[in-house]
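Chains P and X, in that order, are what the protein sequence lines are.
Sequential numbering of the first sequence, starting at 246, is according to the numbering used here.
Sequential numbering of the second sequence, starting at 29, is according to the numbering used here.
The block underneath contains the structure these notes are about, expressed in structure tokens.
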Amino acid sequence: MKEDQVKPQGIDRRTFLKTSAVVGAVTAITGFPTIVRSQPKEIVIGSIQPVTGPIPDIGIGMQRTNRMAVDDINARGGIKSLGGAKIKLLLGDHGAKEEVARAEAERFIKDGAVCLVGPFLSGPAMAIATLAEQRNIPFVIDVAAMDAITAKGYKNVFRCFPKTELFMVSIGKFLDQIIQEKKVTIKKIVVSNVGDAFGRSQGAAFIKLVKDKKYPFEIVDHIEYPLGVKDLSAEVAKIKAAKPDVLFPVTRTGDSKLLLRELYKQRVELMGIISPGSPGWYEPEHIRDLDKLAYYVLNNVPWVNPKSPVFQDVNKRFEKMYPGQYLDTNTGWGYVGVQVIADALERAKSTDPAALREALRKTNFKDHPMVGGPVVFDEKGDNINATTALIQVLPDKNLDDRVKVVLPKEFAVAPYVFPWKQLWDRG
Amino acid sequence: MDPFLVLQLALQGFLMGGVYGLIALGLSLIFGVMKVINFAHGEMMVFAMFLSITLLLWGGLDPYLSLVIVAAVMFGVGYAVQRVFVNRILDLPEAMQVLVLVGLGIIFENGTLMIWGGSDLSPKTSLALSSFRWGPVTVDVPRLIAFILAIVITLLVLLFLKKTNIGKSIRAAADNRYGALIIGVHINRLYGICFGIGAACVGAAGALLVPLMPAKATMGAPYTMISFVIVILGGMGSLIGALIGGLIIGVAESLGTVFLPSSMKQVVSFTIMIVILLFKPQGLFGGRG
Numbered sequence: 246m247k248e249d250q251v252k253p254q255g256i257d258r259r260t261f262l263k264t265s266a267v268v269g270a271v272t273a274i275t276g277f278p279t280i281v282r283s284q285p286k287e288i289v290i291g292s293i294q295p296v297t298g299p300i301p302d303i304g305i306g307m308q309r310t311n312r313m314a315v316d317d318i319n320a321r322g323g324i325k326s327l328g329g330a331k332i333k334l335l336l337g338d339h340g341a342k343e344e345v346a347r348a349e350a351e352r353f354i355k356d357g358a359v360c361l362v363g364p365f366l367s368g369p370a371m372a373i374a375t376l377a378e379q380r381n382i383p384f385v386i387d388v389a390a391m392d393a394i395t396a397k398g399y400k401n402v403f404r405c406f407p408k409t410e411l412f413m414v415s416i417g418k419f420l421d422q423i424i425q426e427k428k429v430t431i432k433k434i435v436v437s438n439v440g441d442a443f444g445r446s447q448g449a450a451f452i453k454l455v456k457d458k459k460y461p462f463e464i465v466d467h468i469e470y471p472l473g474v475k476d477l478s479a480e481v482a483k484i485k486a487a488k489p490d491v492l493f494p495v496t497r498t499g500d501s502k503l504l505l506r507e508l509y510k511q512r513v514e515l516m517g518i519i520s521p522g523s524p525g526w527y528e529p530e531h532i533r534d535l536d537k538l539a540y541y542v543l544n545n546v547p548w549v550n551p552k553s554p555v556f557q558d559v560n561k562r563f564e565k566m567y568p569g570q571y572l573d574t575n576t577g578w579g580y581v582g583v584q585v586i587a588d589a590l591e592r593a594k595s596t597d598p599a600a601l602r603e604a605l606r607k608t609n610f611k612d613h614p615m616v617g618g619p620v621v622f623d624e625k626g627d628n629i630n631a632t633t634a635l636i637q638v639l640p641d642k643n644l645d646d647r648v649k650v651v652l653p654k655e656f657a658v659a660p661y662v663f664p665w666k667q668l669w670d671r672g
Numbered sequence: 029m030d031p032f033l034v035l036q037l038a039l040q041g042f043l044m045g046g047v048y049g050l051i052a053l054g055l056s057l058i059f060g061v062m063k064v065i066n067f068a069h070g071e072m073m074v075f076a077m078f079l080s081i082t083l084l085l086w087g088g089l090d091p092y093l094s095l096v097i098v099a100a101v102m103f104g105v106g107y108a109v110q111r112v113f114v115n116r117i118l119d120l121p122e123a124m125q126v127l128v129l130v131g132l133g134i135i136f137e138n139g140t141l142m143i144w145g146g147s148d149l150s151p152k153t154s155l156a157l158s159s160f161r162w163g164p165v166t167v168d169v170p171r172l173i174a175f176i177l178a179i180v181i182t183l184l185v186l187l188f189l190k191k192t193n194i195g196k197s198i199r200a201a202a203d204n205r206y207g208a209l210i211i212g213v214h215i216n217r218l219y220g221i222c223f224g225i226g227a228a229c230v231g232a233a234g235a236l237l238v239p240l241m242p243a244k245a246t247m248g249a250p251y252t253m254i255s256f257v258i259v260i261l262g263g264m265g266s267l268i269g270a271l272i273g274g275l276i277i278g279v280a281e282s283l284g285t286v287f288l289p290s291s292m293k294q295v296v297s298f299t300i301m302i303v304i305l306l307f308k309p310q311g312l313f314g315g316r317g
């Protein structure tokens, strides 16, 4: 009966599938239609932050604003010069470890990242910078201050955040202004810093500043303690024994709380605390948990510009998305870092690393929420317009509004208080 | 050198040493009875700290009061952990036991991170800022209370082990597991209770630390290490050794800041551990307590 079977005429299902596969393969190889190939649907960027380890709160916050910036860019139509290509953000965690930061960066490059952003800490920033230079992939540092990161002149590394040297220029000016305006005589000071790369670099730079500017006060003690420390009673006992007028601490979150509570319990009399620039003093959890103890600490940080419409817009949405949180120096620069990359992609009209690098080098990004001028990179990749403001925690019924910019005048929203009221005299 | 500063540091270290002793007590008890080192110890303590903070924020319960609830919950957690995980690995090689317990530590840490987030939490408690002058030194009240309660809890655990039938059975099982089995001791349940007591001790220590320091989900690992150092110093399995070891390490770390930079204070503890391992490897109270 086999011979009697009637074969169907025309094209059968298998032939159709085979033909389609061949046509598809030929189309892909020859590049037709070319428009599909030249417009990537997604541009991959890798964000590496300390989401676990000793400072996960900061890392989580920064990854939130990295992501928020990506969402904003995609919502307004993606990268228009690349046919509206959307940005895809890969989320990585370096856990405050250099070797993990490098491994994460390596993974993202393998996964097709055209640019990296991050990483809050200077040690991991150094590790990623070295790898980015080896692999020829642009790396935009949102937050990390140590001078040495850009000192090597890597051509792929760009830093939005001010370097330690700039922090010191600002704190020098603010200190001069405070001494002059308040007519105070400071005779003895203590400098303390957390013992990670940033803390050491910031502490050493401040001590150098005091010596270089030949201030009339003496550094009677310099105290360093490890990152993640959980007991500062011995260190505060040493501060008390040194009898300083002002304490200049470089902290992380957590140790700032310990420090203030121990200063209270051991009744250490001071004119005030002035941080040369560090986290720990402005976070919502710090303000909420310490309440009146958090008041009057002066801190020199590249803060948000409260008068900027961009800040007001981004902060409003951020507060709505994450109740109890507000845009601060780290989350603010986290937002800027991704926006700077998107701006460069727009001008580069390409995801090619060389083109992106050239575009980043010509960056002039004005619409950001931070203090300072437009983001413009010098030949070493440092933002020449990055600067700091002096902030102070001042009494306000609304916990979210207690951190005020007090200097310089162009950004200030409140007058500063110095000397402070002693910790135990605040009712 | 300022003698008052030395006195102040010695006092602070001594008071903190009491809490160190309580943390290490749990580790020593678990090791003494089951010959298992609980590498999730610090992470369990942090979990307890967050439980205590939750009771404070939600119920307004001061950590000194919630200590009993936290210890009871941690007893349950410890009992469950022993019966579900640890009991199955008692006869495995030590390297395999370490893997399971380190894994448990990671689960506790990340569980804490998922539930309470990564921030430093340090809500106000009634006595957190209390201190008084005692001659030339300042005495930190929460540290003093923590010290007294730590000593009381340690003595209660010792009494429990010496005087009660369950305590005697635990000691019998620690001396000879198979002997205890032969005379009809329900060894699995006993091990569960023992692990529960260890977890309750570290839970109580966690609650006592709430007024003293901000809690952070990722802060557990150094406490596992310091408990380990204390247990080696005091003698593996010795409860009195854990207490004395805690006091020694507390004072040594605090006084170490006079001679060394604060960032190197852990060097003091580990140097003591190395010296002990070299010259008295069984620890100060090894084989007793």
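Yeah, the Cβ is synthetic: ideal placement off N, Cα and C, and Gly gets one too.
A quick note: this is a predicted structure, and the numbers were derived from the prediction, not measured.
Per-residue contacts from residue i into chain P (C-beta, under 7 Å)
i	result
G146(X)	P301, D302 and I305
D90(X)	In chain order: nothing, as chain P lies at least about 16 Å away.
T246(X)	T297, G298, P299 and P301
M28(X)	Summary: the structure shown does not reach residue 28(X), with chain X confined to residues 29 through 317, and so no result is reported for it.
M119(X)	In the sequence as presented, Met is not what sits at residue 119(X); that position holds Asp. In chain order: nothing, as chain P lies at least about 33 Å away.
A233(X)	What A233(X) touches in chain P: nothing, since even the nearest Cβ is about 13 Å away.
Straight-line gap, residue i to residue j (C-alpha atoms, nearest Å)
i	j	result
I586(P)	F32(X)	56 Å
P295(P)	L89(X)	33 Å
S291(X)	D148(X)	20 Å
S154(X)	G499(P)	20 Å
Y571(P)	E564(P)	5 Å
E226(X)	G298(P)	A quick correction: the sequence has Gly, not Glu, at residue 226(X). Each residue's Cα considered, the two are about 26 Å apart.
E480(P)	I468(P)	7 Å
D457(P)	K408(P)	18 Å
A604(P)	F556(P)	25 Å
R116(X)	F353(P)	39 Å
A99(X)	D534(P)	25 Å
Contacts that residue i makes with chain P (C-beta to C-beta distance below 8 Å)
i	result
S255(X)	Result: empty, since nearest Cβ-Cβ is about 14 Å, beyond 8 Å.
L141(X)	T297 and P301
Own chain partners of residue i with C-beta closer than 7 Å, once the 5 adjacent residues on each side are dropped
i	result
P278(P)	In this predicted model, P278(P) has a pLDDT of only 47, less than 50, meaning its place in the structure is not dependable; the value taken from the coordinates is given anyway. Nothing listed; no residue qualifies.
V289(P)	K333, L335, D356, G357, A358 and V359
E514(P)	Q667
L652(P)	F419, Q422, A634, L635 and Y661
Beta-bridge partners of residue i, as assigned by DSSP
i	result
Q637(P)	L543(P) and K649(P)
L336(P)	S292(P)
L361(P)	G291(P) and F384(P)
M620(P)	Note on identity: in this sequence residue 620(P) is Val, with Met being the wrong assignment. DSSP lists F610(P) as partners of V620(P).
E469(P)	N438(P)
P494(P)	S437(P)
R161(X)	T166(X)
V149(X)	Checking the sequence shown, residue 149(X) turns out to be Leu, not Val. DSSP, once it has assigned bridges, lists A243(X) as partnering L149(X).
Neighbour list for residue i in chain X, Cβ cutoff strictly below 8 Å
i	result
R512(P)	S159 and T166
K342(P)	Those within 8 Å of K342(P) in chain X number zero; the least Cβ separation is about 12 Å.
Own chain residues within Cβ distance below 6 Å of residue i, not counting five before or after
i	result
T275(P)	Note that T275(P) scores a pLDDT of 47, beneath 50, so its modelled location is shaky; the value from the coordinates is reported in the next line. Closer than 6 Å at Cβ, skipping near neighbours: no residue.
S158(X)	V169
G70(X)	G248, A249, Y251 and T252
I280(P)	Any reading at I280(P) must be qualified, since the residue scores a pLDDT of 46, below 50, and its modelled position is unreliable; no value is offered.
D645(P)	Y571
I416(P)	P521 and N545
S446(P)	M391 and T409
V662(P)	Y541
CB contact flag (residue i, residue j, <8 Å)
i	j	result
F307(X)	I272(X)	no
L668(P)	L508(P)	yes
F462(P)	A390(P)	no
H531(P)	G525(P)	yes
T576(P)	M307(P)	yes
L118(X)	S282(X)	no
9 Å Cβ cut-off: residues of chain P touching residue i
i	result
K152(X)	D534, L535 and D536
A178(X)	Those within 9 Å of A178(X) in chain P number zero; the least Cβ separation is about 15 Å.
Listed by chain order, chain X residues near residue i by CB distance under 9 Å
i	result
G579(P)	Ordered by position in chain X, no residue passes the 9 Å Cβ test against G579(P), which lies about 15 Å from the chain.
Within chain X, partners of residue i - CB distance below 7 Å
i	result
M471(P)	A quick correction: the sequence has Pro, not Met, at residue 471(P). Within 7 Å Cβ-Cβ: S291.
I468(P)	S290
For the segment 474-504 of chain P, which residues have a beta carbon sitting closer than 7 Å to at least one beta carbon of chain C? No chain C appears in this structure, whose protein chains are P and X.
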